[in-house]
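Contents: one structure, followed by commentary.
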Amino acid sequence: MPIEKFIKIQSSAVPIDIENIDTDQIIPARFLKAVERKGFGDNLFRDWRFDKYNKLISTFPLNDTKYRGQILIGGKNFGCGSSREHAAWALYDYGFKVIVSSFFADIFKGNALNNGLLPIQVTSEELNEIFEVINRLSQATFTVDLLEQTFTIDTLNKIIGFEINPYKKECLLNGYDDIDYLLSLKKEIKIFETK
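Residue numbers (the working numbering): 531 to 725.
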């Protein structure tokens, strides 16, 4: 699955106000048989979205029709647990472009950035404020500007800056994975080789 260029999006958000969401909850191990990056979104949060009879659990935010969007707001310590890259694949395949939390597990953060998913770390206070805004207005929108490195709570006109590795920023802006980035430098590499 190719990575889309990411420059700026405005979207409502899906709130999952749970701390320590681990990669096995994001995509359970029994669904890790495929090696391509597609189809994993169908089983995103599978054990939280479906009951033991394979029926949708209407109270889970991904199943609640009042929540939609390309942004997922997660509790503190998002993406902890095993280092499976499939967690990032599942979130991206489902349609999320941005994950916001007050803390990310390092390996998950790296996997997300490598697969076109932007993790934005905010303070605990800012995260609580974002959840409060969504609780008041489920379709509240947020604007993410990667060039400016800002996350805006549109209803409050509040701008929150975020950090990102410059190399990963360039990859997201251009829709590159690590190989695509190297291929984009083919001309420069050839010039270097001839010297």
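Built from N, CA and C at the ideal position, the CB exists for glycine as well.
N-terminal and C-terminal residue of the alpha helix (DSSP H) that ASP675 is part of: As a position in the sequence shown, residue 675 is number 145, starting the count at 1. Not the alpha helix (DSSP H): ASP675 falls in the beta strand (DSSP E), residues 672 to 675.
Rounded C-alpha distance that separates SER588 from THR595: For the purposes of this step, residue 588 is taken as residue 58 along the sequence shown, with counting starting at 1. For the purposes of this step, residue 595 is taken as residue 65 along the sequence shown, with counting starting at 1. Rounded to the nearest angstrom, the two C-alpha atoms are 9 Å apart.
Buried versus exposed, by CB contacts within 10 Å (16 or more), PRO649: Indexing the sequence shown from 1 puts residue 649 at position 119. For PRO649, the number of other beta carbons within 10 angstroms of its own is at least 16, and it is reported as buried.
Which residues DSSP lists as bridging ASP552, in chain order: Within the sequence shown, residue 552 is the residue found at index 22, counting from 1. Looking at the DSSP assignment, ASP552 forms a beta bridge with CYS610.
C-alpha distance - GLU655 paired with LEU713, whole-angstrom precision: Reading the sequence shown from its first residue, position 125 is the one you call residue 655. Reading the sequence shown from its first residue, position 183 is the one you call residue 713. Taking the CA atoms as reference points, GLU655 sits about 41 Å from LEU713.
Beta-carbon proximity check, ILE603 vs VAL630, cutoff 7 Å: Against the sequence shown, residue 603 aligns to sequence position 73. Against the sequence shown, residue 630 aligns to sequence position 100. Yes. Within cutoff.
heavy atom of the ligand GTP below 6 Å from ALA635 C-beta: Summarising the ligand content, the structure contains no ligands, and the ligand GTP is consequently not present.
Segment contact, 8 Å Cβ cut-off, at least three pairs: the stretch 575 to 588 with the stretch 634 to 652: Contact fails: fewer than three Cβ-Cβ distances are below 8 Å.
Rounded straight-line distance, which links the Cα of ALA559 to that of ASP572: Locating residue 572 in the sequence shown gives position 42, counting from the first residue. Locating residue 559 in the sequence shown gives position 29, counting from the first residue. In this structure, the CA atom of ASP572 is about 14 Å from the CA atom of ALA559.
Three-state secondary structure (DSSP) of GLY625: Position 95 of the sequence shown holds residue 625. DSSP places GLY625 in coil when its eight states are reduced to three.
Cross-strand partners of ILE683 (DSSP beta bridge): Position 153 of the sequence shown, counting from 1, holds the residue named residue 683. Per DSSP, PHE672 and LYS688.
The stretch 548 to 563 / the stretch 674 to 684 touching (three or more Cβ pairs under 8 Å): Using a C-beta cut-off of 8 Å, the stretch 548 to 563 makes no contact with the stretch 674 to 684, since fewer than three inter-stretch Cβ pairs fall below that distance.
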